[in-house]
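Notes follow once the structure below has been shown.
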Amino acid sequence: MSYSREKSQPIFDRALNVLVKGVSSNFRYLGDNETPVIAKGKGARVWDADGNEFIDYRLGWGPINLGHADDRVNSAVAEAIRNGTTFAATTPLEVETAELVKKLVPGMEKLRFTNTGTEATMHALRTARGYTNKEKFIKFEGQYHGAHDYVLFSTASSPISSMGSRRSPIPIQAGSGIPDKIRDYVYCLPFNDFDAVEKCVKDHHGEIATIMVEPCLGNIAGIEPKDGFLAHLRKLCEEYNIVLIFDEVKTGFRLSNGGARETYGVIPHISTYAKSLGNGFPVAAFGGSAEVMDVLGGGSVTHAGTFGANAVSMAAAKAVLTILDESPVLENLAERGMRLKDGLDKVLKNAGLAHQMSGHPNLQGFLLTEKPVQEVRDLVHHDGDMYETIMSNMYERGVWMEDDAREPWFICEAHTDEIIDETLNKFEDAVKSAIDR
Ligand SMILES: Cc1ncc(COP(=O)(O)O)c(C=O)c1O
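Below you can see the structure in the form of structure tokens.
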């Protein structure tokens, strides 16, 4: 079955006239005649402009933890905006929301709000540099920390063949427009490689402000840290006076209420949050140790933003955090996520496809591989063509997933057992048809 684009295509043709490639983010463009035009979402489902319905596991690349158009969050936002949205001043709503973040996140002492994950990681990086008076930083290959220049090196989209040897990795700019000279500020290392980090820190510690890490590979099928890896980073940071930043833009308020700090039991100096903090409304934050965060302000380290803590973002975040605090949403999600993960695993096993299940149940994926994958370089073993065929079969059957295994499957509160079972039945069929092709 191929979906009708009778209404979607004319809209996308208009989009191509006014928006570059018809989209507002490079990653959304899937082709002049293929890019979906989504008209609405509710719960775990979305509908395109032609009215075709899909079960959604992309969930806007992760923010939707409660379900699309959640009535509780929408009402809170509608109520708040009656009193105005932007005042260039502290608001009661902002204080209440910050108190909730502090309540839910272990080790959170002081924070600041921003609007996107990109802003949060940009400010966290500057804060770490301001605190340590050092300029360079370590990031991990395959990790994406947003669209500002300093972090756009060796991301999930960078060609693995250009990354050099594991002993002396080459930072790869993610496209043109990023000054070549800032390559000198970053060391890109393989994730989950204890020795590589230790060696880099020992060789260069006098220059390194921060290690910035996504606690799990949120842009590589959710691959999790090896036992002790995050604690190893924390120990090295303590020993060498380096600020540890967890980029929790994907893991925060998704793996558990306390995010990766709680799930993996390691407290960094700073964490960054965005996506699930607002269930689809734009809101972000960065914060952690008061000692480190207190370098902000007073002419010391700059953090600013006209729309920081505006009423729309604060009302959404307060509603989300209150729901998470009052009911075991994320624990329930993990149970259903396990049902999905076990079911997908079983289908792949029965079909005889070599694979590796990956990620936390609330942010999961699988790779079609015979060799273990624990970091981005190992993706050379993954059968991307077969994965794409299966996911395109899923789309044909009304289940919306990325056709690239790097982007994980996200689960939300509205994915009921019935929806998951429906997904699994379709998955069995999609795999069979991919093998028979
Ligand atoms: C781990 C991580 N950090 C930062 C970002 C950037 O967030 P935003 O797109 O809100 O700027 C993303 C976006 O996908 C992300 O996955």
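First residue of the sequence shown? That's 1202 in this note's numbering, and the numbers climb one at a time after it. Each residue gets a CB set at the ideal place from its N, CA and C atoms; glycine is no exception.
What residues in its chain sit with their C-beta under 7 Å from that of His1583, if we drop five residues either side in the sequence?
-> Here residue 1583 refers to the residue found at position 382 of the sequence shown. Only Leu1568, Leu1569, Thr1570, Val1574 and Ala1606 meet the Cβ criterion.
Unbroken alpha helix (DSSP H) run spanning His1433, endpoints | By one-based count along the sequence shown, residue 1433 stands at place 232. From DSSP, the alpha helix (DSSP H) with His1433 extends over Phe1430 to Tyr1441.
Residue of Val1548, Leu1525, Glu1629 and Glu1589 minimising C-alpha distance to Val1306 | What you label residue 1306 is simply residue 105 of the sequence shown in a count that begins at 1. When each option's Cα is compared against that of Val1306, the closest is Leu1525.
Tell me whether Lys1340 counts as near ligand 1, meaning its Cβ is closer than 7 Å to at least one heavy atom of that ligand.
-> What you label residue 1340 is simply residue 139 of the sequence shown in a count that begins at 1. Because no heavy atom of ligand 1 lies under 7 Å away, the Cβ of Lys1340 does not count as near it: no.
Three or more C-beta pairs below 8 Å linking the region 1488-1503 and the region 1325-1345 = yes
How about Gly1347: is its Cβ closer than 7 Å to a heavy atom in ligand 1?
-> Translated into the one-based positions of the sequence shown, residue 1347 becomes position 146. Yes, since a heavy atom of ligand 1 falls inside the 7 Å radius drawn around the Cβ of Gly1347.
Does at least one heavy atom of ligand 1 sit under 7 Å from the Cβ of Gly1318?
-> On the sequence shown, residue 1318 is found 117 positions in, with the first residue counted as 1. Gly1318: yes, Cβ under 7 Å from ligand 1.
Would you mind reading off the limits of the alpha helix (DSSP H) that contains Ile1256?
-> The residue given as residue 1256 occupies position 55 in the sequence shown. Looking at the DSSP string, Ile1256 is not in any alpha helix (DSSP H); the run it does join, the beta strand (DSSP E), is Glu1254 to Asp1257.
Could you check what DSSP says for Val1467 in three-state terms: helix, strand or coil?
-> The sequence position of residue 1467 within the sequence shown is 266, counting from 1. Three-state DSSP puts Val1467 in coil, outside helix and strand.
When you compare each of Phe1213, Ile1446, Phe1628 and Val1278 to Val1467 by their alpha carbons, which one comes out closest?
-> Locating residue 1467 in the sequence shown gives position 266, where the first residue counts as 1. Measuring from the Cα of Val1467, the nearest candidate turns out to be Ile1446.
List the residues that DSSP assigns as beta-bridge partners of Ala1485.
-> Counted from its first residue, the sequence shown places residue 1485 at position 284. Thr1315.
Quick one: which unbroken alpha helix (DSSP H) runs of 4-plus residues sit fully inside the region 1495-1543? Chain order, please.
-> If we require 4 residues or more, the alpha helix (DSSP H) runs fully inside the region 1495-1543 come out as 1512-1527.
Out of curiosity, what's the CA-to-CA distance linking Asn1234 and Ala1250?
-> Counting from one through the sequence shown, the residue named residue 1234 turns up at place 33. Counting from one through the sequence shown, the residue named residue 1250 turns up at place 49. Roughly 14 Å between the two C-alpha positions.
Note down, one range per segment and in chain order, each beta strand (DSSP E) of at least 3 residues found wholly within the region 1238-1322.
-> 1239-1243, 1246-1249, 1254-1257 and 1311-1315
Should the region 1463-1479 be regarded as contacting the region 1438-1452, the criterion being three or more beta carbon pairs within less than 8 Å?
-> yes
So what does Pro1370 bridge to, in DSSP terms?
-> Taking the first residue of the sequence shown as position 1, residue 1370 is located at position 169. Pro1370 pairs with Gly1365.
Following the continuous alpha helix (DSSP H) through Ala1631, name the residue where it begins and the one where it ends.
-> Counted from its first residue, the sequence shown places residue 1631 at position 430. Asp1618 to Asp1637 is the extent of the alpha helix (DSSP H) around Ala1631.
Please classify Asp1448: does DSSP put it in a helix, a strand, or coil?
-> What you label residue 1448 is simply residue 247 of the sequence shown in a count that begins at 1. In the structure shown, Asp1448 sits in a strand (DSSP, three-state: E or B).
For the alpha helix (DSSP H) holding His1405, just list the boundary residues, first then last.
-> For the purposes of this step, residue 1405 is taken as the residue at position 204 of the sequence shown. Start and end: Phe1395 to His1405.
Over the uninterrupted alpha helix (DSSP H) stretch that includes Met1595, give me the two end residues.
-> In the sequence shown, the residue the question calls residue 1595 occupies position 394. Unbroken alpha helix (DSSP H) run through Met1595: Gly1585 to Glu1597.
Element boundaries [alpha helix (DSSP H), containing Val1219] = What you label residue 1219 is simply residue 18 of the sequence shown in a count that begins at 1. Looking at the DSSP string, the run of the alpha helix (DSSP H) that includes Val1219 is Ser1209 to Val1219.
Go to Ser1409, then tell me how far its beta strand (DSSP E) extends in each direction, as first and last residue.
-> Sequence index remark: in the sequence shown, residue 1409 carries index 208 (1-based). For clarity, residue 1409 is Ile in the given sequence; the question names Ser instead. Per DSSP, Ile1409 belongs to the beta strand (DSSP E) from Ile1409 to Val1414.
With Gly1419 and Pro1609 assumed to form a contact (beta carbons below 8 Å), what rounded beta-carbon distance in angstroms separates them?
-> What you label residue 1419 is simply residue 218 of the sequence shown in a count that begins at 1. What you label residue 1609 is simply residue 408 of the sequence shown in a count that begins at 1. Their Cβ separation, rounded to whole angstroms, is 7 Å, which keeps Gly1419 and Pro1609 in contact under 8 Å.
Counting pairs of Cβ atoms below 8 Å between the region 1413-1428 and the region 1343-1363, do you hit three or more?
-> Taking one beta carbon from each stretch, the region 1413-1428 and the region 1343-1363 have 3 or more pairs nearer than 8 Å; the two touch.
Return the CA-CA distance between His1406 and Ala1289, expressed in angstroms with no decimal places.
-> Here the question's residue 1406 lines up with position 205 in the sequence shown. Here the question's residue 1289 lines up with position 88 in the sequence shown. Each residue's CA atom was taken as its position, placing His1406 and Ala1289 some 39 Å apart.
Which class does Thr1356 belong to by DSSP, given the choice of helix, strand or coil?
-> If you number the sequence shown from 1, residue 1356 lands on position 155. Three-state result, Thr1356: coil.
Bridge partners - His1324, DSSP secondary structure assignment = Within the sequence shown, the letter at position 123 stands for residue 1324. His1324 is not bridged to any residue.
Return the Cβ separation of Thr1298 and Leu1522 in integer angstroms, given the expectation that the two are a contact with Cβ distance under 8 Å.
-> As a first step, residue 1298 is located in the sequence shown; it is residue number 97 there, counting from the start. As a first step, residue 1522 is located in the sequence shown; it is residue number 321 there, counting from the start. Yes, they are in contact, since the Cβ atoms of Thr1298 and Leu1522 sit about 7 Å apart, within 8 Å.
When DSSP labels each residue in this structure, what does Thr1333 get in the three-state scheme?
-> Within the sequence shown, residue 1333 is the residue found at index 132, counting from 1. Of the three classes helix, strand and coil, the one that applies to Thr1333 here is helix, per DSSP.
With DSSP as the reference, label Val1387 as helix, strand or coil.
-> In the sequence shown, residue 1387 corresponds to position 186, counting from 1. Strand at Val1387.
Between the region 1537-1548 and the region 1610-1621, do three or more beta carbon pairs fall short of 8 Å?
-> yes
On the DSSP bridge assignment, give the partners of Gln1557 in chain order.
-> In the sequence shown, residue 1557 corresponds to position 356, counting from 1. In the DSSP output, where bridge partners are listed per residue, Gln1557 has Leu1568.
Say the cut is 7 Å; is the CB of Asn1266 nearer than that to a heavy atom of ligand 1?
-> If you number the sequence shown from 1, residue 1266 lands on position 65. False, no ligand heavy atom lies under 7 Å from that Cβ.
Val1402: buried (16+ other C-beta within 10 angstroms of its C-beta) or exposed?
-> For the purposes of this step, residue 1402 is taken as the residue at position 201 of the sequence shown. So Val1402 counts as buried.
Could you check how far apart the C-beta atoms of Gln1557 and Gly1423 are, in whole angstroms? I think they sit under 8 Å.
-> As a position in the sequence shown, residue 1557 is number 356, starting the count at 1. As a position in the sequence shown, residue 1423 is number 222, starting the count at 1. Not quite, the Cβ-Cβ distance comes to about 11 Å (not below 8 Å), so this is no contact.
Out of Asn1393, Thr1624, Leu1217 and Thr1317, state which residue places its alpha-carbon closest to the alpha-carbon of Glu1597.
-> The count along the sequence shown starts at 1 and reaches residue 1597 at position 396. Minimum Cα distance to Glu1597 is reached at Thr1624.
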